[in-house]
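Student: So the protein lines, in turn, are chains A and B.
Using numbering that gives the first Met the number 0, read the first sequence as starting at 0 and increasing by one per residue.
Using numbering that gives the first Met the number 0, read the second sequence as starting at 0 and increasing by one per residue.
Idealized CB from N, CA, C, for every residue including glycine.
Would you mind keeping the following structure in view while I ask a few things?
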Amino acid sequence: MIRIVFQRRKCIGCNACVEQAPAHWVMSQKDGKSYLRKSVKKGEYYVKHISAPECEENLRAARYCPARIIRVQTF
Amino acid sequence: MNGATGHMQLPNRVEILAPAGSFESLRAAVQAGADAVYFGVEQLNMRARSSNNFTVADLKKIAVIGRKNSLKTYLTLNTIVYNHDLALMKSIVRTAKECGINAVIAMDHAVIGYAAEVGLPVHLSTQANVTNIEAVKFYARFADLIVLSRELTLSQVAEICRQVAEQDVRGPSGDLVRIEVFAHGALCMAVSGKCYLSLHTHNASANRGACKQNCRRAYTVRDDEGNELKIDNEFIMSPKDLCTIGFLDRVLATGVSVLKIEGRSKGPDYVYETAACYREAAESIHDGSYGPEKVGAWMQRLEKVYNRGFWDGYYLGCELGEWTDAPGSKATERKTFIGLGLNYLGKIKVGEFKLQAGSLKVGDEVMVAGPTTGVARMRVTELRLDDSPVEAVERRGACFSMPSPVKIRSSDKLFKIEPV
């Protein structure tokens with residue numbers, strides 16, 4: 000099982016994740032921060048389960064995130 | 000006007016503009032007698048990641064604190080702005096106007112334009128890199144105050160100020176455009192902060208407030224065969240901090256109206272000492288008592304708080320090469336967190352604290368910092384544990400009390416001050 004965990008509060012709205020994985024990430028036009036599409040809010044984190052083929056682009060998003068608030072976790 | 004200030008007319012009262020990265024620092028600025036503070040909210044400011052930023056919801060409280068203390072409040076909104084930031088930018092600017100924030104410090108034209116639309120005065124950020132009178136005239140259509148580029152010399156600043164008066168350059172308010180310069184704090188190696196080092200190495204743009212401070216690190220130089228070159232100072236890109244207190248009379252003689260102190264990521268102790276020293280120095284220039292003796296005393300105080308060593312910046316036309324030789328601060332004092340405030344017994348002026356780390360003994364010097372308290376320094380004259388006097392408190396979790404001239408609150412943190 001693979002999931003993305005996103006600490007949205009600390010997002011600086013740079014758009015890097017959207018460039019890497021546009022199917023999963025979108026810039027909110029409301030508050031200028033990134034939003035993890037179809038994720039579930041758990042406390043201050045946003046969580047979403049993904050499949051193996053979706054892993055690579057999200058790992059890139061995590062790597063390029065300057066705020067280091069995207070984690071791709073494998074169980 | 001005293002003799003040391005040269006031939007130019009001094010402005011009536013120069014404004015000391017202090018950084019406020021937190022409510023603690025905001026209070027410290029008030030206590031120090033600063034005339035104005037600047038601060039950022041949400042992610043659209045140049046300290047988006049490094050400092051504890053305020054939120055839009057805090058704007059009202061900041062404006063109220065400002066009004067109560069005759070402190071002007073300037074909102075920094077000076078990053079690069081993308082399309083997806085526009086709604087947030089507009090909401091911040093609009094809310095700032097509604098709350099009575101005094102001005103927005105902006106660089107992007109979208110911000111400048113929208114602030115003009117809603118009637119929030121604009122201060123042009125140093126990020127716009129204004130270095131000549133024509134640029135001042137261009138931006139004067141939108142901005143009542145221009146922060147000049149940090150790379151100008153004092154004579155260039157003076158000439159711009161002179162021409163503002165001579166050419167009668169007025170801002171939207173109808174008053175002559177005011178000129179602001181940096182007086183104290185960190186300088187960076189890039190022109191007007193436009194640096195891409197951090198973006199190249201960490202994909203973290205300094206121009207979106209996410210600077211990773213590559214320039215502050217030590218570097219080695221190695222050729223492609225692995226031979227290391229010896230260099231005198233490994234901190235090859237890290238300038239020392241700007242300090243103008245030793246020639247502040249010459250800075251004021253240029254005709255600038257506002258002196259900015261850098262440091263929204265720094266603590267309330269730094270904000271208090273820097274704002275207080277520059278406020279006192281500006282007053283003493285006006286009353287004619289400014290001189291080497293006082294400068295020496297201010298320098299000692301400034302050296303106590305966060306600094307990388309000092310130099311004159313570019314103001315005196317010196318060549319580059321004032322690089323620091325330390326990775327972090329060269330402050331002469333270290334402040335270590337040891338506990339939290341609990342309560343205050345006002346009648347007997349005693350504060351109660353909980354020890355959370357380290358130890359404390361009679362005779363130690365401490366600092367209390369909090370969002371309402373601001374900062375206060377004191378020496379421990381007496382310690383009490385379970386109502387009995389003790390020489391020291393060492394047990395973690397111990398609740399102890401000691402005399403305190405200022406009110407202690409549960410939001411306060413206690414720090415032990417030690418020489419480095």
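#1: Is the distance from the Cβ of B/Ile111 to the Cβ of B/Ala102 below 8 Å?
#2: Taking only the alpha-carbon atoms, compute the straight-line gap between B/Val54 and B/Leu198 and give it to the nearest angstrom.
#3: What's the gap between the Cα of B/Arg46 and the Cα of B/Lys211?
#4: Closest by CA to B/Val156, which one among B/Leu144, B/Ala139, B/Glu179 and B/Arg140?
#5: Is any beta-carbon of chain A found at less than 8 Å from that of B/Gly208?
#6: A/Asn14 touches chain B at which residues, Cβ-Cβ below 9 Å?
#7: Does B/Tyr195 pass the burial test, meaning 16 or more other C-beta atoms within 10 Å, or should it be called exposed?
#8: Using a Cβ-Cβ cut-off of 7 Å (strictly less than) and excluding sequence neighbours within five positions of A/Gln6, which residues of its own chain qualify?
#9: For A/Ile11, which residues of its own chain have a beta-carbon under 6 Å away from its beta-carbon, when the five flanking residues on both sides are left out?
#10: For B/Leu123 versus B/Ala142, is the C-beta spacing smaller than 8 Å?
#11: In terms of DSSP beta bridges, what is B/Leu228 paired with?
#12: Just the chain A side, please: which residues come within less than 7 Å of B/Asn202 by C-beta, in chain order?
#13: Is B/Arg169 near the ligand NAD, going by C-beta to nearest heavy atom under 7 Å?
#14: Using beta-carbon positions only, say whether B/Phe352 and B/Leu344 come within less than 8 Å of one another.
#15: I'd like to know whether the C-beta of B/Leu87 is nearer than 8 Å to at least one C-beta of chain A.
#16: Would A/Gly31 pass as an interface residue toward chain B - the criterion being a Cβ-Cβ separation below 8 Å?
#17: Do the stretch 152-170 of chain B and the stretch 252-266 of chain B touch if we need at least three Cβ pairs shorter than 8 Å?
#18: For the putative contact between B/Glu381 and B/Val361, defined by C-beta atoms under 8 Å, what is the C-beta separation to the nearest angstrom?
#19: Quick one, which residues of the stretch 22-51 of chain B are near chain A if we go by CB-CB under 8 Å, in chain order?
#20: In terms of residues, what are the limits of the alpha helix (DSSP H) holding B/Gly65?
#21: Can a CB atom of chain A be found closer than 8 Å to the CB of B/Met7?
#22: Using three-state DSSP, classify B/Ala102 as helix, strand or coil.
#23: DSSP three-state call for B/Ala127: helix, strand or coil?
#24: Tell me the start and end of each unbroken alpha helix (DSSP H) in the stretch 268-349 of chain B that is at least 4 residues and wholly inside, in chain order.
#25: Does the stretch 285-292 of chain B come close enough to the stretch 306-313 of chain B to have 3 or more Cβ pairs within less than 8 Å?
#26: Anything in chain B within Cβ reach of A/Cys10, meaning under 8 Å, just list it in chain order.
#27: Starting from the C-beta of B/Arg278, find all residues in its chain whose C-beta is less than 6 Å away, skip the five residues before and the five after it, and write them out in chain order.
#28: What in chain B is Cβ-close to A/Gln6, meaning under 8 Å?
#29: For B/Ala182, does the three-state DSSP call read helix, strand or coil?
#30: Verify whether the separation of the beta carbon atoms of B/Asp411 and B/Val349 is less than 8 Å.
#31: Taking Cβ-Cβ distances shorter than 7 Å, what residues in chain B pair up with A/Gln28?
#32: So, for B/Met188: in the same chain, excluding its five sequence neighbours on each side, which residues have a beta-carbon less than 8 Å away from its beta-carbon?
Tutor: From the atom records:
#1: Position 112 of the second sequence holds residue 111 of chain B. Position 103 of the second sequence holds residue 102 of chain B. Not a contact, by the Cβ cut-off of 8 Å.
#2: Along the second sequence, read from residue 1 onward, the residue named residue 54 of chain B stands at position 55. Along the second sequence, read from residue 1 onward, the residue named residue 198 of chain B stands at position 199. The sequence shown places Thr at residue 54 of chain B, not Val. Rounded to the nearest angstrom, the two C-alpha atoms are 25 Å apart.
#3: Residue mapping note: residue 46 of chain B aligns to position 47 of the second sequence, counting from 1. Residue mapping note: residue 211 of chain B aligns to position 212 of the second sequence, counting from 1. In a straight line, the C-alpha of B/Arg46 is about 11 Å away from that of B/Lys211.
#4: Against the second sequence, residue 156 of chain B aligns to sequence position 157. Among B/Leu144, B/Ala139, B/Glu179 and B/Arg140, the Cα nearest to that of B/Val156 is on B/Glu179.
#5: The count along the second sequence starts at 1 and reaches residue 208 of chain B at position 209. Yes, B/Gly208 lies at the interface with chain A (some Cβ there is under 8 Å from its Cβ).
#6: As a position in the first sequence, residue 14 of chain A is number 15, starting the count at 1. By Cβ distance, chain B contributes Tyr81 and His83.
#7: Within the second sequence, the letter at position 196 stands for residue 195 of chain B. Classification of B/Tyr195: exposed, given that the 10 Å Cβ count is below 16.
#8: Numbered from its first residue, the first sequence carries residue 6 of chain A at position 7. The answer, listed in chain order, is Glu43, Tyr44 and Ile68.
#9: Here the question's residue 11 of chain A lines up with position 12 in the first sequence. Excluding positions up to five away in sequence, the list reads Ala66.
#10: Residue 123 of chain B sits at position 124 when you count from the first residue of the second sequence. Residue 142 of chain B sits at position 143 when you count from the first residue of the second sequence. A contact, by the Cβ cut-off of 8 Å.
#11: On the second sequence, position 229 is the one that residue 228 of chain B refers to. Paired residue(s): B/Val220.
#12: The residue you call residue 202 of chain B lines up with position 203 of the second sequence. Correct list: Ala15, Tyr63 and Pro65.
#13: What this structure holds is no ligand at all, so the ligand NAD is not there to describe.
#14: The sequence position of residue 352 of chain B within the second sequence is 353, counting from 1. The sequence position of residue 344 of chain B within the second sequence is 345, counting from 1. Taking 8 Å as the Cβ cut-off, B/Phe352 and B/Leu344 do not qualify as a contacting pair.
#15: Locating residue 87 of chain B in the second sequence gives position 88, counting from the first residue. Yes, its Cβ sits closer than 8 Å to a Cβ of chain A.
#16: Here residue 31 of chain A refers to the residue found at position 32 of the first sequence. So yes, A/Gly31 belongs to the interface.
#17: yes
#18: As a working mapping, residue 381 of chain B is identified with position 382 in the second sequence. As a working mapping, residue 361 of chain B is identified with position 362 in the second sequence. The Cβ separation is near 7 Å, so the contact holds.
#19: Glu41, Gln42, Leu43, Ala47 and Arg48
#20: Along the second sequence, one-based indexing puts residue 65 of chain B at 66. Element bounds for B/Gly65: Leu58 to Lys67.
#21: In the second sequence, residue 7 of chain B corresponds to position 8, counting from 1. Unreliable placement is indicated for B/Met7, whose pLDDT of 46 sits below 50; the coordinate value is still reported in the next sentence. No - not a single Cβ of chain A is within 8 Å of the one on B/Met7.
#22: Counting from one through the second sequence, the residue named residue 102 of chain B turns up at place 103. B/Ala102 falls in the strand class under three-state DSSP.
#23: On the second sequence, residue 127 of chain B is found 128 positions in, with the first residue counted as 1. It is helical.
#24: With a minimum length of 4 residues, the continuous alpha helix (DSSP H) runs that stay inside the stretch 268-349 of chain B are 291-303.
#25: no
#26: Position 11 of the first sequence holds residue 10 of chain A. In chain order: Gln42.
#27: Here residue 278 of chain B refers to the residue found at position 279 of the second sequence. Here the set comprises Ile15 and Gly32.
#28: Locating residue 6 of chain A in the first sequence gives position 7, counting from the first residue. Residues of chain B passing the Cβ test: none, with the nearest at roughly 12 Å.
#29: Along the second sequence, read from residue 1 onward, the residue named residue 182 of chain B stands at position 183. Three-state result, B/Ala182: strand.
#30: Position 412 of the second sequence, counted from the first residue, corresponds to residue 411 of chain B. Position 350 of the second sequence, counted from the first residue, corresponds to residue 349 of chain B. No, these two residues do not count as a Cβ contact at 8 Å.
#31: Residue 28 of chain A sits at position 29 when you count from the first residue of the first sequence. Chain B residues near A/Gln28: His83 and Ala86.
#32: In the second sequence, residue 188 of chain B corresponds to position 189, counting from 1. The answer, listed in chain order, is Cys194, Cys214, Met236, Ser237 and Pro238.
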